[in-house]
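Number of protein chains: 2
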Amino acid sequence: MPNSKPTPVTMDAVYTAPGYLFRRMQQIAVALFIEECKAFDLTPVQYAALVTISTHPGIDATRLSAVIAFDRSTLGNVIERLETKEFIVRKPAPEDKRVKLLYLTKAGASVLNDIMPSVDKAQARMLQPLKPADRKTLLSLLTQLVDLNNEASRVPLRAEDALEHLGRSG
Amino acid sequence: MPNSKPTPVTMDAVYTAPGYLFRRMQQIAVALFIEECKAFDLTPVQYAALVTISTHPGIDATRLSAVIAFDRSTLGNVIERLETKEFIVRKPAPEDKRVKLLYLTKAGASVLNDIMPSVDKAQARMLQPLKPADRKTLLSLLTQLVDLNNEASRVPLRAEDALEHLGRSG
DNA sequence: GCCATATTGTGAGTATACTGTCAATTAATT
DNA sequence: AATTAATTGACAGTATACTCACAATATGGC
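As they're listed, the protein sequences go chains A and G. Final position of the first sequence in the working numbering is 170; the numbers increase by one with none missing. Final position of the second sequence in the working numbering is 1170; the numbers increase by one with none missing.
This is how it looks when you write it as C-alpha cells:
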C-alpha cells in the first residue's frame, strides 16, 4: 500500500450511495413529469396538492401538509400559486378563525381531470427501462422503505385516518 | 365538452406513483444525512462536490456539474458556500481566462476525511429497514434505473471518462 | 374566568434545482 | 484575419424544502 493520502476517496463514495441514487431518481422523475405535463402548467407537488384537495374538499393547509408529507411553510407557497392560477379557493372556516379551508374551482377540477393521462404517462416512463417484473419489485421495495422510514423524514406522512384523531374532534 | 363523467380520483393517484415515492425517499435521505452529519455543517450536495473536487483536483465548475449530474447554475451557489466555509479555493486557470479551477483546502480535506463515518452511517440507515437481500436488490434496480434514465434528466451525468473527450484536449 | 399551552397561517432566512440571459473569452469556419 | 460558434461563469427568476419565529386564535388545567 503506497502511503500518501489519509483516506483513498473515490467517486464510488458518491455514485454507489443510496442517497445519491435517490436524488438522481427524484431529478429524473421531476424532469419526466414536467416534460409530459408541460401543457398544463402544474408541477408534481402542485398536482399532489390538487389531488388531495379534490379527495378532501375543505381540508386546511396543515392537514394537507400531513396527508402529502409536505412541509407546512413550503405548502403555503404552493397553495398561493394554485390560488393565483385559480385552480383552488381559500375560504375562512366558520368555527375557527385561524383556519382557511381549501376547495377546487371548476378550472381546478377540469385541469386535474385532463392532466391524468399525462401524469400516468410520466409515471410509466420512470420505470419503463426496467423489465415488468423488476418494476413491481422496485415499487414494492420503495413503498416498504418509505413507510418504514416515515418517521425519519422531517415531515412524516400522517394518513387520512390518523388525521381524524388529531383534529378538533380528538 | 369531452368529459361529462369526471374520473374518480383517490389518494392512490399520489401514494402509489413512483414519482411520489422517489420524492419521499429523497426527503428521508436528506433528513438522515443532515441528522447524522450535523456536526460538520455539510449538506449532501456539498459533500458530493467536496468528494469530486478531492478526486479531481483542479476541476472547473462546468465539469464538476457534469460529474455529479448537477445543474451549473445551482452549483455556482454551492461552490460559493464551500468557498465561504474555506473548504475549497478557486484559482483562475492560466490557459483559459474564463475558467476557475477548484481545489480542496486543508480544512476541506480534513472535514471530508472526518465526515466519512457519519455519511456511511446515514447511507446505511436509509436502507436499514429492509432485509439485507432486499437492500441489494433495491440498490441494483435503482442503479440500473438511474443509468438507463440518465438522458431523461435535465442534467445528465457525464462520467469522468467521457469528460476527457469534451475538454480542451479533444 | 384566567393563564399556560398548543395550533394555524404567515414571514424571513437558507439551500437545492431548474429556466433563462448575458458578457467575456475561446474555438471553429471561412 | 475576421466573422461566427461555442464555452464559461455569473445573474435574475421561479419552485421546492427546510429552519426558526411570530401574531392571532383556540384549548385545557386550575
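Just so it is clear, CB atoms sit at the ideal spot from N, CA and C, and this is done for glycine as well. No experiment lies behind these values; they were computed from the predicted model shown.
Problem - Own chain residues within Cβ distance below 6 Å of residue 1058(G), not counting five before or after - result: In the second sequence, counting from the first residue as 1, residue 1058(G) sits at position 58. 1101.
Problem - Any chain A beta carbon closer than 8 Å to residue 1058(G) - result: The count along the second sequence starts at 1 and reaches residue 1058(G) at position 58. Closer than 8 Å: no.
Practice task
Mark residue 1183(G) as exposed unless 16 or more other C-beta atoms lie within 10 angstroms of its C-beta, in which case mark it buried.
Solution key: For residue 1183(G) there is no data in the structure shown, the boundaries of chain G being 1001 and 1170.
Practice task
Check each candidate in 60(A), 83(A), 82(A) and name the one with the smallest Cα separation from residue 173(A).
Solution key: A question about residue 173(A) goes unanswered here, because the residues of chain A that appear run from 1 up to 170.
Practice task
Measure the Cβ-Cβ separation of residue 54(A) and residue 104(A) and say whether it is below 8 Å.
Solution key: As a working mapping, residue 54(A) is identified with position 54 in the first sequence. As a working mapping, residue 104(A) is identified with position 104 in the first sequence. Closer than 8 Å, so yes.
Practice task
Rank 19(A), 11(A), 25(A), 52(A) by C-alpha distance to the C-alpha of residue 1153(G) and give the top, closest one.
Solution key: For the purposes of this step, residue 1153(G) is taken as residue 153 along the second sequence, with counting starting at 1. That would be 25(A), whose Cα lies nearest to the Cα of residue 1153(G).
Handout entry: Contacts that residue 1143(G) makes with chain A (C-beta to C-beta distance below 9 Å)
Key = Stepping through the second sequence from its first residue, residue 1143(G) is reached at position 143. Near residue 1143(G) (Cβ distances below 9 Å), the residues of chain A are 15, 16, 21.
Problem - Paired residues, beta bridge with residue 34(A) - DSSP - result: For this step, residue 34(A) is matched to residue 34 along the first sequence. In DSSP, residue 34(A) forms no bridge with anything.
Practice task
Identify whether residue 1009(G) lies in helix, strand or coil by the three-state DSSP scheme.
Solution key: Residue numbering aside, residue 1009(G) sits at position 9 when the second sequence is read from its first letter. Coil.
Exercise for the section: Can you give me the Cβ contacts of residue 1099(G) inside the same chain, cut-off strictly under 6 Å, excluding the 5 residues immediately before and after it? Expected result: For the purposes of this step, residue 1099(G) is taken as the residue at position 99 of the second sequence. 1060, 1093, listed in sequence order.
Exercise for the section: Measure the alpha-carbon distance for residue 135(A) versus residue 1107(G) and round it to whole angstroms. Expected result: Within the first sequence, numbered from 1, the residue matching residue 135(A) stands at position 135. Within the second sequence, numbered from 1, the residue matching residue 1107(G) stands at position 107. Taking the straight line joining both Cα atoms gives about 44 Å.
Practice task
Determine, using beta carbons only, whether residue 9(A) and residue 1112(G) come nearer to each other than 8 Å.
Solution key: For the purposes of this step, residue 9(A) is taken as the residue at position 9 of the first sequence. For the purposes of this step, residue 1112(G) is taken as the residue at position 112 of the second sequence. Yes; because the gap between Cβ atoms is below 8 Å, this pair is in contact.
Handout entry: Proximity winner among 109(A), 33(A), 130(A), relative to residue 1143(G) (alpha-carbon distances)
Key = Within the second sequence, numbered from 1, the residue matching residue 1143(G) stands at position 143. Nearest of 109(A), 33(A), 130(A) to residue 1143(G), Cα basis: 130(A).
Handout entry: Amino acids of chain A, ordered along the chain, whose beta-carbon sits closer than 9 Å to that of residue 1033(G)
Key = Translated into positions along the second sequence, residue 1033(G) becomes position 33. Within chain A, the residues near residue 1033(G) are 19.
Exercise for the section: Have a look at the DSSP bridge pairing and note the partners of residue 100(A). Expected result: Numbered from its first residue, the first sequence carries residue 100(A) at position 100. Residue 100(A) is bridged to 92(A).
Handout entry: residue 118(A): contacting residues in chain G (beta-carbon distance under 7 Å)
Key = Taking the first sequence and counting its residues from 1, the one referred to as residue 118(A) is at position 118. The contacting residues do not exist; residue 118(A) stays about 12 Å from chain G at best.
Practice task
Return helix, strand or coil for residue 1060(G), following the three-state DSSP convention.
Solution key: Locating residue 1060(G) in the second sequence gives position 60, counting from the first residue. Residue state, collapsed to three classes: strand.
Exercise for the section: Give the interface partners of residue 1130(G) over in chain A, defined as CB-CB distance under 9 Å, in chain order. Expected result: For the purposes of this step, residue 1130(G) is taken as the residue at position 130 of the second sequence. Here the neighbours are 141, 144, 145, 148.
Problem - Within chain G, partners of residue 24(A) - CB distance below 8 Å - result: As a working note, residue 24(A) is residue 24 in the first sequence. Ordered by position in chain G, the residues that pass the 8 Å Cβ test against residue 24(A) are 1069, 1146, 1153, 1157.
Practice task
May I have the straight-line CA-CA distance separating residue 1096(G) from residue 11(A), to the nearest angstrom?
Solution key: Start at 1 with the first residue of the second sequence, and residue 1096(G) comes out as number 96. Start at 1 with the first residue of the first sequence, and residue 11(A) comes out as number 11. Going by C-alpha positions, residue 1096(G) is about 26 Å away from residue 11(A).
Exercise for the section: Output yes or no for whether 8 Å exceeds the beta carbon distance between residue 51(A) and residue 1013(G). Expected result: Numbered from its first residue, the first sequence carries residue 51(A) at position 51. Numbered from its first residue, the second sequence carries residue 1013(G) at position 13. Yes, the pair counts as a contact, with Cβ atoms nearer than the cut-off.
Handout entry: Distance, residue 1122(G) Cα to residue 15(A) Cα
Key = Position 15 of the first sequence, counted from the start, is the residue given in the question as residue 15(A). Position 122 of the second sequence, counted from the start, is the residue given in the question as residue 1122(G). A direct Cα-to-Cα measurement between residue 15(A) and residue 1122(G) gives close to 15 Å.
Exercise for the section: Could you have a look at residue 51(A) and say whether DSSP puts it in helix, strand or coil? Expected result: Here residue 51(A) refers to the residue found at position 51 of the first sequence. It is helical.
Practice task
Just tell me which of 18(A), 139(A), 117(A), 40(A) has its CA closest to the CA of residue 82(A).
Solution key: One-based indexing of the first sequence puts residue 82(A) at position 82. Looking at the Cα atoms, 40(A) is the closest of the given residues.
Problem - Limits of the unbroken alpha helix (DSSP H) element including residue 80(A) - result: Counting from 1 along the first sequence, the entry for residue 80(A) is found at position 80. Per DSSP, residue 80(A) belongs to the alpha helix (DSSP H) from 72-84.
Practice task
Report back the beta-carbon spacing between residue 109(A) and residue 78(A) to the nearest angstrom; my notes put them in contact at under 8 Å.
Solution key: For the purposes of this step, residue 109(A) is taken as residue 109 along the first sequence, with counting starting at 1. For the purposes of this step, residue 78(A) is taken as residue 78 along the first sequence, with counting starting at 1. So it is not a contact: roughly 18 Å between Cβ atoms.
Handout entry: Endpoints, the alpha helix (DSSP H) within which residue 1153(G) is located
Key = Within the second sequence, the letter at position 153 stands for residue 1153(G). Neither: residue 1153(G) is in no alpha helix (DSSP H) and is coded neither H nor E.
Handout entry: Rounded C-alpha distance that separates residue 1044(G) from residue 68(A)
Key = The sequence position of residue 1044(G) within the second sequence is 44, counting from 1. The sequence position of residue 68(A) within the first sequence is 68, counting from 1. Going by the C-alpha atoms only, they are around 23 Å apart.
Practice task
Confirm, please, whether the CB-CB distance from residue 1037(G) to residue 1115(G) is below 8 Å.
Solution key: Your numbering for residue 1115(G) matches position 115 in the second sequence. Your numbering for residue 1037(G) matches position 37 in the second sequence. Against a cut-off of 8 Å, the Cβ pair of residue 1037(G) and residue 1115(G) comes out as a contact.
Practice task
Look at the alpha carbon of residue 1018(G) and the alpha carbon of residue 56(A), and state the distance between them as a whole number of angstroms.
Solution key: By 1-based counting over the second sequence, the position of residue 1018(G) is 18. By 1-based counting over the first sequence, the position of residue 56(A) is 56. Each residue's Cα considered, the two are about 22 Å apart.
Exercise for the section: Mind listing the chain G neighbours of residue 96(A)? Cutoff is C-beta to C-beta under 8 Å, in chain order. Expected result: Here residue 96(A) corresponds to residue number 96 of the first sequence, with the count starting at 1. Those do not exist, as residue 96(A) stays about 24 Å from chain G at its closest Cβ, beyond 8 Å.
Problem - Own chain partners of residue 1020(G) with C-beta closer than 6 Å, once the 5 adjacent residues on each side are dropped - result: By one-based count along the second sequence, residue 1020(G) stands at place 20. Hits under 6 Å: 1014.
Exercise for the section: Report the residue from 127(A), 75(A), 133(A) whose alpha carbon sits nearest the alpha carbon of residue 32(A). Expected result: As a working mapping, residue 32(A) is identified with position 32 in the first sequence. That would be 127(A), whose Cα lies nearest to the Cα of residue 32(A).
Practice task
Could you tell me the distance, in whole angstroms, from the CA atom of residue 141(A) to the CA atom of residue 124(A)?
Solution key: Start at 1 with the first residue of the first sequence, and residue 141(A) comes out as number 141. Start at 1 with the first residue of the first sequence, and residue 124(A) comes out as number 124. Using only the alpha carbons, I get a separation of about 17 Å.
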